[in-house]
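Asks:
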Amino acid sequence: MVKRQTWVSLSLGVALAGATGAWWANRQPPPDAPGIEPSQTRALSTAGTLPQQQGAPVPSWRRSWKVGQQYVYDLEFEQQIQLKQTEEPQTAAKAAGPLVLSALTAQLSATVVEKAADRVYVQYLLRPSALSFDSDGKSALDERSRSMMLQSLRSPFYVQFNPQGAAVTLHLEQGVDLLSQNVLRSLVASIQVVTPPEAMERWPAQEVDTTGRYEASYQRLEGAREFEKKKVRYQMVTTPEGLRPLPGSMRITVAGGAHLVLDEGLWVDTLRGEERVEVVPGPGLPTAIGDSKVRLRLREKHSIPLLVGAFSANQGHLLSSEFSVQTVIPQDPRAQLRRVLAGGTLASLTGALRMVPKLEEAQRGPVTAELMQRLNALFQLEPGAAAQVPELIRQERSREVYSPFIGSLSSASTPEAVQALAQISSDAMLPTPVRVDAIAGLGTTETPTPEGADALRRLSQSPDEELRTTATLALGNAARRMNELGDSTGETLLRELEQLLRAESDPARQALLLKALSNTADPRALPTIQAALRSSSWIVREAAVGALRLIQDPTVDQLLSERLLGDDSPFVRRGAVFASSFRSLQPLFPAMGQALRSERESAVRNDIVRLLGERRTREPQAGVLLAWVSQNDPDADIRQFAGTLLAPPGAQP
Numbered sequence: 064m065v066k067r068q069t070w071v072s073l074s075l076g077v078a079l080a081g082a083t084g085a086w087w088a089n090r091q092p093p094p095d096a097p098g099i100e101p102s103q104t105r106a107l108s109t110a111g112t113l114p115q116q117q118g119a120p121v122p123s124w125r126r127s128w129k130v131g132q133q134y135v136y137d138l139e140f141e142q143q144i145q146l147k148q149t150e151e152p153q154t155a156a157k158a159a160g161p162l163v164l165s166a167l168t169a170q171l172s173a174t175v176v177e178k179a180a181d182r183v184y185v186q187y188l189l190r191p192s193a194l195s196f197d198s199d200g201k202s203a204l205d206e207r208s209r210s211m212m213l214q215s216l217r218s219p220f221y222v223q224f225n226p227q228g229a230a231v232t233l234h235l236e237q238g239v240d241l242l243s244q245n246v247l248r249s250l251v252a253s254i255q256v257v258t259p260p261e262a263m264e265r266w267p268a269q270e271v272d273t274t275g276r277y278e279a280s281y282q283r284l285e286g287a288r289e290f291e292k293k294k295v296r297y298q299m300v301t302t303p304e305g306l307r308p309l310p311g312s313m314r315i316t317v318a319g320g321a322h323l324v325l326d327e328g329l330w331v332d333t334l335r336g337e338e339r340v341e342v343v344p345g346p347g348l349p350t351a352i353g354d355s356k357v358r359l360r361l362r363e364k365h366s367i368p369l370l371v372g373a374f375s376a377n378q379g380h381l382l383s384s385e386f387s388v389q390t391v392i393p394q395d396p397r398a399q400l401r402r403v404l405a406g407g408t409l410a411s412l413t414g415a416l417r418m419v420p421k422l423e424e425a426q427r428g429p430v431t432a433e434l435m436q437r438l439n440a441l442f443q444l445e446p447g448a449a450a451q452v453p454e455l456i457r458q459e460r461s462r463e464v465y466s467p468f469i470g471s472l473s474s475a476s477t478p479e480a481v482q483a484l485a486q487i488s489s490d491a492m493l494p495t496p497v498r499v500d501a502i503a504g505l506g507t508t509e510t511p512t513p514e515g516a517d518a519l520r521r522l523s524q525s526p527d528e529e530l531r532t533t534a535t536l537a538l539g540n541a542a543r544r545m546n547e548l549g550d551s552t553g554e555t556l557l558r559e560l561e562q563l564l565r566a567e568s569d570p571a572r573q574a575l576l577l578k579a580l581s582n583t584a585d586p587r588a589l590p591t592i593q594a595a596l597r598s599s600s601w602i603v604r605e606a607a608v609g610a611l612r613l614i615q616d617p618t619v620d621q622l623l624s625e626r627l628l629g630d631d632s633p634f635v636r637r638g639a640v641f642a643s644s645f646r647s648l649q650p651l652f653p654a655m656g657q658a659l660r661s662e663r664e665s666a667v668r669n670d671i672v673r674l675l676g677e678r679r680t681r682e683p684q685a686g687v688l689l690a691w692v693s694q695n696d697p698d699a700d701i702r703q704f705a706g707t708l709l710a711p712p713g714a715q716p
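Take 64 as the starting number for the sequence shown in my numbering and just add one per residue.
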């Protein structure tokens, strides 16, 4: 779990003036995308043109956005921040909080994947080698939080640029945590370079970073493509509603800059930057002082045609945010819930749900989803309303009514909602399908309680197989969430599942307990799972290899590779492919390549090909293996399948 959450959020250097977000009464529309504005044409026309070295070819002064081109960099990125409080204008500032330092060392690849007239999409991929968040010299991340954050940072993300190189929009995979989102926003903002329409000795540019919109100044140094970049002044500040003018009481000062060398395509060859940003929000609020350093060095360039079209291929599951919109300070959650509820009551929403079966089939899904959002808001705003749901459900037999109630209780996840789910799950007078739904909801609550865990324990011993199976799996989910919340009950549940597994002799029951352990995603379960991998029953080994899928430990990739290549059962080998689908394939590619050459069962090879097709836009090596399969697999159907997956996204049927 993240320690000192507030200070870690501040350490990202994001929206240093965020504490003043509520000050903006002036709701102006956000300005246009950053870049060089038409009003600056005169300044550009009077700036000196860039002289060329004798005998050197005149370079094109347009950023090269060659689709499929990849640039690989070594990256070092550091930030530190501290708040200081000044009680009176005449007094010296005093510390109001700890000094927080964040540091990231990584390999960074940037690949141009799509281009239109006024926008360019670049895929970025980080391979961190070191990550730290320290508060007053002590780590602000525990091991689990650090592991989760590293996993988020390793996910590919996309940035929309304008043709001059100003970052406009960030597109992230769903599930990337807020800390990682802001690290990535801050990183991209720190390495953006905005070029002029022609070769210039110096030029101004309008850019946006995580603090606000600022005027930058670029000045050529001695080399033909060697420059200095400085921030001149901040003109606007980011807020949750977008860019807003600085209030009269706010001051933002900046010092330092960046030295950069561009290559022939006007991409960064090297960049070294150091700057300090000081935000004085106004009377009674602490001053934020942020220092940052960034180092970027180009290692190599590649052409990666397999990534062409990757943004469009993945756009459906990406979350987008403009650089001009602050992401650190959320809206008042209760105000947002009231807007969602829109005056609804338990009685009115129940009546609306009962009308859903009478709607046209195409309308039922969207209407039900909206009603569930409103019920979720109701249960959070009025927690006592959850206590009325068990009695309501006893009167319902339509799944289109009782299932949305259960889903909304699980989503609301208040203690009262968890208690209602436990009551429904344990009510022997209710039909089994209703109880199964409630058990599943109990296992997926965001804030499980000891009472809910006790209900799942009892139900995991039920004589009814469906109830018993669902409750056992839900125990694993509950253990995982409790561990994430720092609740010791999570480890207790983990140890109980392990003990039950060791005492069980029936392979089917062992497999069920292994699946529950899988849901914990807990590295502490690894020795128990490894023991199960040695079972003589393929049913147990298949469940054990599947139980590795979510565990973040280097040993896991080796175990998956061994089972993929060496297990006697094709079901276990297919299970290894399934487990691999939840992980980065980079360490698994060698085993997959060997399996594609030597695997006898076409079903196993087909599973590998399908997984490679899903990852081909995210992990280029997948395309290399697909190309080999399309020419060499002994099964004509698999060769054709691989060839189809290699086609550009728009060309696939």
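Ideal Cβ positions, reconstructed from N, Cα and C, are used throughout, including at glycine.
#1: To the nearest angstrom, how far is it from the Cα of Arg730 to the Cα of Val692?
#2: How close, in whole Å, do the beta carbons of Val371 and Val183 come, if the pair is a contact with beta carbons under 8 angstroms?
#3: Touch check for the stretch 412 to 427 and the stretch 372 to 383: three-plus C-beta pairs under 8 angstroms?
#4: Please name the residue in Asp199, Asp550, Val481 whose C-alpha comes closest to that of Ala449.
#5: Measuring alpha carbon to alpha carbon, tell me which residue in Asp670, Ala166, Val185 is nearest Trp128.
#6: State the Cα-Cα distance for the pair Glu559 and Ala516, rounded to the nearest angstrom.
#7: Rounded to a whole number of angstroms, what is the C-alpha to C-alpha distance between Ala166 and Ala193?
#8: Would you mind stating whether Pro344 and Ser312 have Cβ atoms separated by less than 9 angstroms?
#9: Tell me the DSSP secondary structure of Trp330 in three-state form.
#10: Exposed or buried, Lys201, counting other C-beta atoms within 10 Å across all chains shown (16 or more means buried)?
#11: Counting C-beta neighbours from all protein chains within 10 Å, is the total for Glu454 16 or more, i.e. buried, or is it exposed?
#12: Using 8 angstroms as the cut-off, can you tell me whether the stretch 547 to 565 makes contact with the stretch 603 to 622, which would need three or more C-beta pairs spanning the two stretches below that distance?
#13: For the alpha helix (DSSP H) containing Pro429, list its first residue and its last residue.
#14: By how many angstroms is the C-alpha of Leu412 removed from the C-alpha of Pro420?
#15: Have a look at the DSSP bridge pairing and note the partners of Lys294.
#16: Return the first residue and the last residue of the alpha helix (DSSP H) that Val738 is part of.
#17: Give the secondary structure of Phe374 by DSSP, where H, G and I count as helix, E and B as strand, and everything else as coil.
#18: Can you list, in chain order, the stretches of the alpha helix (DSSP H) that have 4 or more residues and sit fully within the stretch 189 to 255?
#19: Reducing DSSP to helix, strand and coil, say where Leu359 ends up.
#20: So, Arg339 versus Asp354, is the Cβ gap smaller than 9 angstroms?
#21: Just reading off the alpha helix (DSSP H) that Ala699 is part of, what are its end residues?
#22: Can Ile352 and Leu622 be called in contact, C-beta distance under 9 angstroms?
#23: Secondary structure at Ala364, three-state DSSP: helix, strand or coil?
#24: Can you tell me the Cα-Cα spacing of Asp616 and Val222, whole angstroms?
#25: When the Cα atoms are used, what is the spatial distance from Asn225 to Val231?
#26: How many Å lie between Leu444 and Glu677 at the Cα?
#27: With 16 as the cutoff for other CB atoms within 10 Å, does Asp700 come out buried or exposed?
#28: Tell me whether Arg335 sits in a helix, a strand or coil according to DSSP, three-state version.
#29: Is it buried or exposed for Met25, if we count other Cβ within 10 angstroms and need 16 for buried?
#30: Return yes when the Cβ of Pro570 is within less than 9 angstroms of the Cβ of Ile592, no when it is not.
#31: Measuring only the C-alpha atoms, how far is Arg587 from Arg572?
#32: How far does the alpha helix (DSSP H) with Gly506 in it extend, from its first residue to its last?
#33: As an exercise, report each continuous alpha helix (DSSP H) stretch of at least 4 residues that is fully enclosed by the stretch 582 to 637, in chain order.
#34: Give me the Cβ distance between Ala22 and Arg437, rounded to the nearest whole Å; I'm assuming they're in contact under 8 angstroms.
#35: Suppose the cutoff is 7 angstroms on Cβ atoms and the five residues either side in sequence are ignored; what does the same chain contact list for Val430 look like?
#36: How big is the Cα-Cα spacing for Arg283 and Arg265?
Replies: Considering the structure as presented:
#1: Because the chain spans 64 through 716 in this model, residue 730 falls outside it and cannot be assessed.
#2: So it is not a contact: roughly 13 angstroms between Cβ atoms.
#3: no
#4: Val481
#5: Val185
#6: 12 angstroms
#7: 8 angstroms
#8: yes
#9: coil
#10: exposed
#11: Its Cβ having fewer than 16 others within 10 Å, Glu454 is exposed.
#12: no
#13: 424 to 444
#14: 14 angstroms
#15: Ala279
#16: Any question about residue 738 goes unanswered here, given that the chain covers just 64 to 716.
#17: helix
#18: 206 to 216, 241 to 254
#19: In the three-state DSSP reduction, Leu359 falls in the strand class (E or B).
#20: yes
#21: For Ala699, the uninterrupted alpha helix (DSSP H) run begins and ends at 699 to 709, by DSSP.
#22: no
#23: The residue you asked about is not Ala; residue 364 is Lys in the sequence shown. It is a strand residue.
#24: 30 angstroms
#25: 7 angstroms
#26: If I take the Cα positions, the gap works out to 41 angstroms.
#27: exposed
#28: strand
#29: There is no way to answer for residue 25, as the model of the chain reaches only from 64 to 716.
#30: Ile592 places its beta carbon 9 angstroms or farther from that of Pro570.
#31: 21 angstroms
#32: 495 to 506
#33: Counting only runs of 4 or more, we get 589 to 596, 601 to 609, 617 to 629.
#34: An answer regarding residue 22 cannot be provided, because it is not within the stretch 64 to 716 covered by the chain.
#35: Val419, Leu422
#36: 6 angstroms
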